[in-house]
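J.: There's a structure below that I have some questions on.
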Amino acid sequence: MTPKHIAELERVLRTHREWIAEEYEKSKNRHTTAYLKLAGYLRILLVDNDMPVLLRFAEERGKTLHAYVSEVDLRSLEGKPMWGWFGFVVSWTPERESVRVTAEEFLDRAIGLYSDCAGLACTYTPRQLIKYTANKEGVAHLDLTKPRALLEMKLMTIADQDGSSDSQEIKHAIRAIAAWTYNAIGFVLDETS
476 MTPKHIAELE RVLRTHREWI AEEYEKSKNR HTTAYLKLAG YLRILLVDND
526 MPVLLRFAEE RGKTLHAYVS EVDLRSLEGK PMWGWFGFVV SWTPERESVR
576 VTAEEFLDRA IGLYSDCAGL ACTYTPRQLI KYTANKEGVA HLDLTKPRAL
626 LEMKLMTIAD QDGSSDSQEI KHAIRAIAAW TYNAIGFVLD ETS
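Taking our numbering, the leading residue of the sequence shown gets 476, the next gets one more, and so forth.
Have a look at this one:
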C-alpha cells in the first residue's frame, strides 16, 4: 500500500471512531435503531469483502488485534432444542473466564445458537451478525425477504411502557462489538482507548 492509501485508511478510521462513540451512546436505549448505524460502520471496518479497513490498517502497521471472548464454545450445545446468545460477547481487556483470540478468530466464533427440536442447529458469528444487519436491514442494502437465520436472530423482543422492540440480542452484540472496535481503532492509531 502506498503512503497515500494508508493515510486514507487512517482518515476513515478516525471518522468511524468518532461516529461509533456517538451512536454507541444513542444505542443504549433499547428501542432505538442506532445499532443499525453501528452495524454499517462495523461492516466497513471489520467484514467488508474488498477491504476491512481496521484489519487492513492493523496489518499495515504490523499490529495484531486481539479480543477476549467466552471460553465456552456454543457449538457444544448443538443437538438440543434451544435458542441462546452469550451475554458476554467480546472485550478489549481480559474478563473472568475469557480466552484471548485474534480479531479474525473472534469474527468467526459462535456467539449465538438456534437449534430446533430435530437438533438442526445454526450458530451465529459476529461476521454473520454484522453482515446480516448491514446487508439485509437497510443500512448498506435492503432485502425485502429476510433469510430464516436473520429472523431467528431477531427473536428476542422487549415490551415495556415505551413500546415493543425486537432484535435485542442483535442490539446487545452489535454494541459490544462496537465498543471493542472503538478500542481497537485507538490501539492501531497509537491513541489511548
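Glycine included, C-beta positions come from ideal geometry on N, C-alpha and C.
Since this is a predicted model, take the numbers as computed values, not measurements.
1) If contacts are defined as beta-carbon pairs under 8 Å, then Leu488 and Val528 qualify, I think. What distance do you get, rounded to the angstrom?
2) Using only the alpha-carbon positions, how far apart do Ala496 and Cys597 sit?
3) Suppose only complete runs of 4+ residues qualify. What are the alpha helix (DSSP H) ranges in the stretch 577-615, listed by chain order?
4) Pick out the complete beta strand (DSSP E) segments inside the stretch 489-536, 3 residues or longer, and give them in chain order.
5) Examine the Cβ distances between the stretch 604-623 and the stretch 510-522 and report whether three or more of them are shorter than 8 Å.
6) Where does the unbroken beta strand (DSSP E) through Val663 begin, and where does it stop?
7) From the DSSP output, which residues share a beta bridge with Leu619?
8) Which residue wins for smallest C-alpha separation from Asn524, given the options Leu619, Arg602, Thr568?
9) Rounded C-beta distance between Tyr510 and Ile645? I'm assuming under 8 Å.
10) Hey, how far is the Cα of Glu535 from the Cα of Glu579?
11) Nearest-angstrom Cα distance between Leu588 and Lys479?
12) Between the C-alpha atoms of Arg486 and Glu498, what's the straight-line distance to the nearest angstrom?
13) Rank Ala654, Ile649, Ala659 by C-alpha distance to the C-alpha of Thr507 and give the top, closest one.
14) Opposite Arg575 in the DSSP bridges: which residues?
15) What does DSSP give as the partner residue(s) for Ser566 in the beta ladder?
16) Would you please state the rounded distance, in angstroms, between the beta carbons of Asp583 and Thr608? I believe it to be under 8 Å.
17) Count the other CB atoms, across all protein chains shown, that sit within 10 Å of the CB of Ala482; report buried if there are 16 or more and exposed otherwise.
T.: Short version:
1) Mapped onto the sequence shown, residue 488 falls at position 13. Mapped onto the sequence shown, residue 528 falls at position 53. Their Cβ separation, rounded to whole angstroms, is 6 Å, which keeps Leu488 and Val528 in contact under 8 Å.
2) As a position in the sequence shown, residue 496 is number 21, starting the count at 1. As a position in the sequence shown, residue 597 is number 122, starting the count at 1. Approximately 32 Å, taken between the alpha carbons.
3) 578-582, 601-611
4) none
5) yes
6) Here the question's residue 663 lines up with position 188 in the sequence shown. That residue, Val663, is in no beta strand (DSSP E); its alpha helix (DSSP H) goes 643-663.
7) The residue given as residue 619 occupies position 144 in the sequence shown. Per DSSP, none; premise fails for Leu619.
8) The residue you call residue 524 lines up with position 49 of the sequence shown. Looking at the Cα atoms, Arg602 is the closest of the given residues.
9) For the purposes of this step, residue 510 is identified with residue 35 of the sequence shown, where counting begins at 1. For the purposes of this step, residue 645 is identified with residue 170 of the sequence shown, where counting begins at 1. Going by Cβ atoms, the distance from Tyr510 to Ile645 rounds to 7 Å, so yes, they are a contact pair.
10) Locating residue 535 in the sequence shown gives position 60, where the first residue counts as 1. Locating residue 579 in the sequence shown gives position 104, where the first residue counts as 1. Their Cα atoms are separated by approximately 15 Å.
11) One-based indexing of the sequence shown puts residue 588 at position 113. One-based indexing of the sequence shown puts residue 479 at position 4. About 42 Å.
12) Against the sequence shown, residue 486 aligns to sequence position 11. Against the sequence shown, residue 498 aligns to sequence position 23. About 19 Å.
13) The residue labelled residue 507 in the question sits at position 32 within the sequence shown. It is Ile649 whose Cα lies nearest to the Cα of Thr507.
14) Locating residue 575 in the sequence shown gives position 100, counting from the first residue. Paired residue(s): Tyr543.
15) Residue numbering aside, residue 566 sits at position 91 when the sequence shown is read from its first letter. Answer by DSSP bridge pairing, in chain order: Tyr543.
16) Along the sequence shown, read from residue 1 onward, the residue named residue 583 stands at position 108. Along the sequence shown, read from residue 1 onward, the residue named residue 608 stands at position 133. Contact flag wrong, Cβ pair sits at about 17 Å.
17) Walking along the sequence shown from the start, residue 482 turns up at place 7. By the neighbour-count rule (16 or more Cβ atoms within 10 Å), Ala482 is not buried but exposed.
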